[in-house]
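Undergrad:
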Amino acid sequence: MKLKNIIAITFVALIATACGNKTENAINKTETQNGVTVSTFKVWGNCEMCKETIEGSLNVNGISKADWNVDSKIMTVTYDNSKISLDQIQKNIATAGYDNEKYKGDDSAYKELPDCCQYDRK
12 MKLKNIIAIT FVALIATACG NKTENAINKT ETQNGVTVST FKVWGNCEMC
62 KETIEGSLNV NGISKADWNV DSKIMTVTYD NSKISLDQIQ KNIATAGYDN
112 EKYKGDDSAY KELPDCCQYD RK
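Quick note, the sequence shown lines up with residues 12 to 133 if you use the working numbering.
1. Taking buried to mean at least 16 other C-beta atoms within 10 Å of its own C-beta, is Lys9 buried or exposed?
2. If I measure Cβ to Cβ from Thr43 and keep anything under 7 Å in the same chain, skipping five residues before and after, which residues do I get?
3. Look at the Cβ atom of Asn103, then the Cβ atom of Val71, and state whether they are nearer than 9 Å.
4. With DSSP collapsed to three states, give me the class of Ser75.
5. Taking all protein chains shown into account, do 16 or more other C-beta atoms lie within 10 angstroms of the C-beta of Glu35, making it buried, or fewer, making it exposed?
6. How would you write the range of the alpha helix (DSSP H) that Gln44 sits in, first residue to last?
7. Which residue from Ser75, Gly108 and Glu66 puts its Cα closest to that of Asp118?
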């Protein structure tokens, strides 16, 4: 009977830990392999037009891929960190008017966004 309880408790603990790590790892994660860095972080926005503007703000030297998920609000950026930093990436997005976890979007740029893109600010 004790063995069954130990196995059950261990199983529940493993599941709880795995679920917690998945959520934690999906946001604010940076990994570098073979000179290529991939970072994920949250960016506020609403729609496909936001997606176009947010991703367009990262059409710069050093970034090979930028993908913002409209539903989850998670930005995934693939870049060469010898050419651009994560800090500069987040500043570029803020300059376009979009809040992210590190920087508040530029107020004048935010006011110029289409009505559908004016999200609830943090």
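All C-beta atoms in this analysis are idealised placements derived from N, C-alpha and C, irrespective of residue type, glycine included.
TA: With the given structure in hand:
1. Outside the shown range of the chain (12 to 133) lies residue 9, about which nothing can therefore be said.
2. Taking Thr43 as the centre and dropping the five residues before and after it, the same chain places the C-beta of Asn92 closer than 7 Å to its C-beta, in chain order.
3. Cβ atoms of Asn103 and Val71: closer than 9 Å.
4. In the three-state reduction of the DSSP assignment, Ser75 falls in the strand class, which pools E and B.
5. With a pLDDT of 41 at Glu35, under the threshold of 50, the modelled position of this residue cannot be trusted, and the question is left open.
6. The continuous stretches of alpha helix (DSSP H) do not include Gln44, which lies in the beta strand (DSSP E) extending over residues Lys40 to Gln44.
7. Nearest to Asp118 by alpha-carbon distance, out of Ser75, Gly108 and Glu66, is Gly108.
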